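Novice: Numbering (our numbering), first residue to last: 300 to 676.
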Amino acid sequence: MGEDVRLRAVVALAQGMAAAHTPREFWRAAALGACAGLRGSFGALSVWERDHGRLRVLVNAGERASGEEEFPDAETYPVHQFPEITEFLHERWALGAGPHAWIETAGAERVTGRVEGLRRRGRGACVVAPIVLHGRAWGELYVARQLGAKPFTSEDADFANVLAAVVAAGIAQAQRLEEVRKLAFTDPLTGLANRRAVDARLDEAIERYRSDGSVVSLVVCDLNGLKRVNDTHGHAVGDRLLERFGSVLSRCGARLRGALAARLGGDEFCLLAVGPSADEVVAVAEELCVRAAELELGEGVACGVASTGDPIGPLKSARRLFRLADAAQYQAKAARSAKPVVAGRDGAVIRLADAPPGARDRRRFRDAPTVEPPPER
């Protein structure tokens, strides 16, 4: 294979991975790009799960054999079936050599797990290249050819090393982007989602509500007594209270499948659920109030609920659902209620949420449009 051809293969692999929008698209692009670069018929990408002592296949691409899934849910292989992962790689590194790809053939006299796999799936040869991140084996890139095809050469193994390094660079970049994405949507103190994540998820939830009628519910909570704790015991203790309540919120929210637990900022938190009935959400909010009241140093929580499963009137935007839950939470706080207040089950909540800004008896509700005062004459 000429140098120009190989260079184009490297560029195509890098471009394919860069164009991926999801992990699965990335895995497929990596496997197919390597397969094309090495003129194989099949490519796979696997990750080494050290804590489980196994290789887990992420993607099978190209000409798959019977029973092979493109994105298998549970295709794993115990490491002891592939001693080269630990012996070959680590012993070579211990002796000062770098990671290097190797070749297996179906006609090999020494029958290994890979040779058995080649024979079972009707393939003639494979080249396996370790993917290395931060000086450690992350997984492997596997490319095979069908029976009767030209066997892989040592030059192919060298080029497989290059392709594996390109894949490793792509994985490292994808991991960094995922870390940045998580930071952008995560509250650093509690580890819960943040307001940005709630806004994005709520917009999607309202679209589902409009398309298929899925029930969308929002629980807004205000942790009572945080200022007193900060003033009396210091902000470090106040932060621990916020963390503990975040854990309680997460635990209660887990009862609602797929619910998003978030810290909106300061002492305000929320739960966003799509699917569960309004009654299920209210029951979780009630449990949340009970558990919050048991927290040491805290003074419980004021909790408001708004759900499309209750008679709350037309929902033109996600902002109105937020205003309703916010108004319900305000009512709960004003009444020092030990239970959640639910919009649609308390008429005052809807009147308060929908009243003009100047008519409200509290701070302006979250996301409510501002109304400029008339100019003085």
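We put the CB at the ideal spot given by N, CA and C, even for glycine. A quick note: this is a predicted structure, and the numbers were derived from the prediction, not measured.
Can you tell me where the alpha helix (DSSP H) with Gly416 in it begins and where it stops?
Specialist: Run containing Gly416: Gly412 to Arg419, per the alpha helix (DSSP H) assignment.
Novice: Which residues does DSSP pair with Ile430 in a beta bridge?
Specialist: DSSP output for Ile430 lists Gly438 as bridge partner(s).
Novice: Considering only C-alpha positions, which residue in the set Ala471, Glu403, Arg422 and Phe451 is nearest to Ala436?
Specialist: Answer by Cα proximity: Ala471.
Novice: When you compare each of Pro322, Glu454 and Glu408 to Glu677 by their alpha carbons, which one comes out closest?
Specialist: It is not possible to answer for residue 677, since the shown part of the chain is limited to 300 through 676.
Novice: Please state whether DSSP places Pro322 in a helix, a strand or coil.
Specialist: Correct three-state label for Pro322: helix.
Novice: With a threshold of 16 other CB atoms inside 10 Å of the CB of Ala365, please say whether the residue is buried or exposed.
Specialist: The residue you asked about is not Ala; residue 365 is Ser in the sequence shown. By the 10 Å Cβ count, Ser365 comes out exposed.
Novice: Assign Val466 to one of two classes, buried (16 or more other C-beta atoms within 10 Å of its C-beta) or exposed (fewer than that).
Specialist: It is buried - the Cβ of Val466 has at least 16 other Cβ atoms within 10 Å.
Novice: Where does Arg550 fall in DSSP's three states?
Specialist: Here Arg550 sits in helix by DSSP.
Novice: Could you tell me the alpha carbon to alpha carbon distance between Cys334 and Ala582, rounded to whole angstroms?
Specialist: If you take the alpha carbons of Cys334 and Ala582, they lie about 53 Å apart.
Novice: To the nearest angstrom, report how far apart Ala712 and Gly599 are at their CA atoms.
Specialist: A query on residue 712 cannot be resolved here, the shown segment of the chain reaching from 300 to 676 and no further.
Novice: Residue ranges of each alpha helix (DSSP H) run of no fewer than 4 residues wholly in the stretch 474-527, ordered along the chain?
Specialist: Segments of the alpha helix (DSSP H) lying fully in the stretch 474-527: 494-511.
Novice: Inspect the CB distances between the stretch 569-584 and the stretch 498-507 and report whether three or more fall short of 8 Å.
Specialist: In short, these stretches touch, since the Cβ pair count reaches three.
Novice: What whole-angstrom Cβ distance do Ala424 and Asn460 have, given they're in contact under 8 Å?
Specialist: About 17 Å; that fails the 8 Å criterion.
Novice: Between Arg305, Ala360, Asp645 and Cys602, which has its C-alpha nearest Pro610's C-alpha?
Specialist: Checked all of Arg305, Ala360, Asp645 and Cys602; the closest Cα to Pro610 is Asp645.
Novice: Under 9 Å between the Cβ atoms of Ala627 and Gly603?
Specialist: Yes, they are a contact pair.
Novice: Where Asp457 and Ala328 are concerned, what is the direct C-alpha to C-alpha distance, given to the nearest angstrom?
Specialist: Each residue's Cα considered, the two are about 20 Å apart.
Novice: For Lys632 and Glu585, which I take to be in contact (beta-carbon distance under 8 Å), what is that distance rounded to the nearest angstrom?
Specialist: Not confirmed; about 16 Å, so no contact.
Novice: Please specify which runs of the alpha helix (DSSP H), each continuous and at least 4 residues long, are wholly inside the stretch 528-606, giving them in chain order.
Specialist: Counting only runs of 4 or more, we get 534-552 and 577-592.
Novice: With a threshold of 8 Å, are at least 3 pairs of Cβ atoms found where one atom belongs to the stretch 528-546 and the other to the stretch 585-594?
Specialist: Cβ pair count under 8 Å is three or more, so yes.
Novice: Please look up how many angstroms separate the CB atoms of Ala624 and Ala642, rounded, as I've assumed it's under 8 Å.
Specialist: 7 Å between Cβ atoms; contact.
Novice: For Ser345, is the classification buried or exposed, using 16 other Cβ atoms within 10 angstroms of its Cβ as the cut-off for buried?
Specialist: By the neighbour-count rule (16 or more Cβ atoms within 10 Å), Ser345 is buried.
Novice: Buried or exposed: Thr489, going by 16 or more other Cβ atoms within 10 Å of its Cβ?
Specialist: Thr489 should be labelled buried.
Novice: If you count every other CB in all the chains shown that lies within 10 Å of the CB of Gly564, and 16 or more means buried, which is it?
Specialist: Classification of Gly564: exposed, given that the 10 Å Cβ count is below 16.
Novice: Apart from the five residues just before and just after Arg418, which ones in its own chain have a Cβ nearer than 7 Å to its Cβ?
Specialist: Cβ neighbours of Arg418 beyond the five flanking positions: Ala405.
Novice: Which residues in the same chain have their Cβ closer than 7 Å to the Cβ of Ser513, if we skip the five residues on either side of it in sequence?
Specialist: The answer, listed in chain order, is Arg507, Val573 and Gly574.
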